[in-house]
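Notes for the one structure printed next.
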Ligand code: NAD
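Numbering (the UniProt record's numbering), first residue to last: 1 to 363.
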């Protein structure tokens, strides 16, 4: 019988400080270390442990291997005024993605709409973060993301890896009720398999598929053999994650590759020989209701509609209908107060990385 997993509850400030110190020790400057720490802990706070501090050891390994480059500034390759192609130059996603989004926000505030096509960004993490950046500026935004060089997900009807986990996020700045839809087009994000392999939340039924077509919830399907503590490499597994929503989710994943991989020219999850490292591409669209002349109606109709949906009689009286982004808001409130829960293995892996870099762990 498996013993119940031990969870550590780490106060937000202590965890953020530790992660910041790890990246400082790994050679990043203070501002970048802060951004990475705040973003990763922010993902845990919103309940997306898959994109939180569980990534620290892997990010450090990527930095050390030169896959990700510290201190980069995203470069504007094509400037069309209301649109821009931006190259992240393999910088940390938490550095170059906010730069691309800030450019998109500034241009939408000028023109009413804008599109930024970001390529060659290191892992950008929780995409909802960027929709929240646009919401703070009063803008609607849509983000289509791919992971060039990563192939993990079987298309509808297939058993071989063809897509990456290709998330989509949409943010809507309703006053007092900001809403963010943000999910991978795979049945689970790869990080959720990572979390499950480290003793965290189990995978839902049918999340993975074996080469013979059998469905699976066992992380070994993706990672092959691995030790309890230490790295997991999807290259060692034979199976795939499945696209969500049958043909519909599979179609969205395909279109993410077209928008974020092909239009940006950053590359796709397709034939990857010689690439050697992965990067996120992100096509973002920003819309300013004020410029459309419908700010007041947008807010009034949007809030009324949100209320009406939330008032739908729930199937389970104990589980009211939630709007996109509300589970994350609830989790944020709980975890800000009670600390970030981390399974033993995740916490041990972070401490091992910290110790290796000479960083003192919190008491
Ligand atoms: P998920 O399956 O948990 O879905 C999250 C979305 O569904 C949110 O918008 C949430 O508000 C909404 N939601 C959840 N429960 C709900 C409920 N009961 N009622 C109404 N709405 C509900 O997310 P996921 O697919 O596991 O993705 C996790 C994270 O991984 C995302 O933040 C995503 O951006 C990130 N991701 C990043 C990359 C990358 O390459 N950078 C790749 C894949 C995923």
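Note that CB positions come from ideal geometry on N, CA and C, so glycine has one too. All values derive from a computational prediction rather than experimental measurement.
Length of the line joining the Cα atoms of residue i and residue j
i           : j           : result
residue 325 : residue 133 : 14 Å
residue 205 : residue 183 : 18 Å
residue 98  : residue 180 : 17 Å
residue 130 : residue 144 : 11 Å
residue 94  : residue 164 : 19 Å
residue 359 : residue 353 : 9 Å
residue 137 : residue 74  : 21 Å
residue 221 : residue 177 : 40 Å
residue 247 : residue 21  : 44 Å
residue 196 : residue 187 : 14 Å
residue 28  : residue 212 : 44 Å
residue 149 : residue 363 : 39 Å
residue 127 : residue 254 : 18 Å
residue 356 : residue 336 : 28 Å
residue 65  : residue 37  : 20 Å
residue 175 : residue 139 : 11 Å
residue 119 : residue 317 : 45 Å
residue 152 : residue 160 : 9 Å
residue 298 : residue 306 : 12 Å
residue 60  : residue 48  : 20 Å
residue 3   : residue 263 : Low confidence applies here, because residue 3 scores a pLDDT of 46, under 50, leaving its location unreliable; read the following figure in that light. Near 49 Å, if we compare the C-alpha coordinates of residue 263 and residue 3.
residue 39  : residue 26  : 17 Å
8 Å Cβ shell around residue i - same chain, five flanking residues per side excluded
i           : result
residue 41  : 12, 15, 16, 19, 52, 53 and 340
residue 57  : 231, 349, 350, 352 and 353
residue 237 : 220, 221, 222, 223 and 224
residue 320 : 310 and 314
residue 102 : 133
heavy atom of the ligand NAD below 7 Å from residue i C-beta
i           : result
residue 73  : no
residue 326 : yes
residue 233 : no
residue 192 : yes
residue 281 : no
residue 254 : no
residue 182 : yes
residue 405 : The displayed coordinates of the chain run from 1 to 363. Any statement about residue 405 would go beyond what the structure contains.
residue 50  : yes
residue 411 : The displayed coordinates of the chain run from 1 to 363. Any statement about residue 411 would go beyond what the structure contains.
residue 36  : no
residue 139 : no
residue 8   : no
residue 112 : no
residue 189 : yes
residue 124 : yes
residue 394 : Nothing in the structure corresponds to residue 394, since the chain is present only between 1 and 363.
residue 128 : yes
residue 145 : yes
Residue i, buried or exposed, once every other Cβ within 10 Å from all chains shown has been counted against 16
i           : result
residue 79  : exposed
residue 227 : exposed
residue 309 : exposed
residue 72  : buried
residue 282 : buried
residue 345 : buried
residue 313 : exposed
residue 6   : exposed
residue 334 : exposed
residue 286 : buried
residue 249 : buried
residue 185 : buried
residue 240 : buried
residue 55  : buried
Pick from the options that is closest to residue i, judged by C-alpha positions
i           : options            : result
residue 117 : 354, 69, 62 and 85 : 85
residue 288 : 47, 60 and 114     : 114
residue 172 : 69, 49 and 142     : 142
residue 91  : 351, 346 and 279   : 279
residue 215 : 76, 343 and 154    : 154
residue 191 : 233, 249 and 82    : 233
residue 203 : 50, 43 and 23      : 50
residue 166 : 252, 263 and 110   : 252
residue 327 : 30, 77, 45 and 82  : 45
residue 265 : 87, 23 and 81      : 87
6 Å CB neighbourhood of residue i in its chain, flanking five on each side removed
i           : result
residue 257 : 146 and 268
residue 8   : 342 and 347
residue 274 : Residue placement at residue 274 cannot be trusted, given a pLDDT of 49 that sits under 50; what the coordinates show is reported in the next sentence. Result list for residue 274: empty, nothing under 6 Å.
residue 193 : 219 and 222
residue 62  : 68
residue 83  : 115
residue 259 : 144 and 283
Close beta carbons around residue i, own chain, < 7 Å, minus the five adjacent residues each side
i          : result
residue 34 : 20
residue 10 : 339, 340 and 342
Residue-chain proximity (residue i, chain D), Cβ-Cβ < 8 Å
i          : result
residue 49 : Absence of chain D from the displayed structure is noted, only one protein chain being present.
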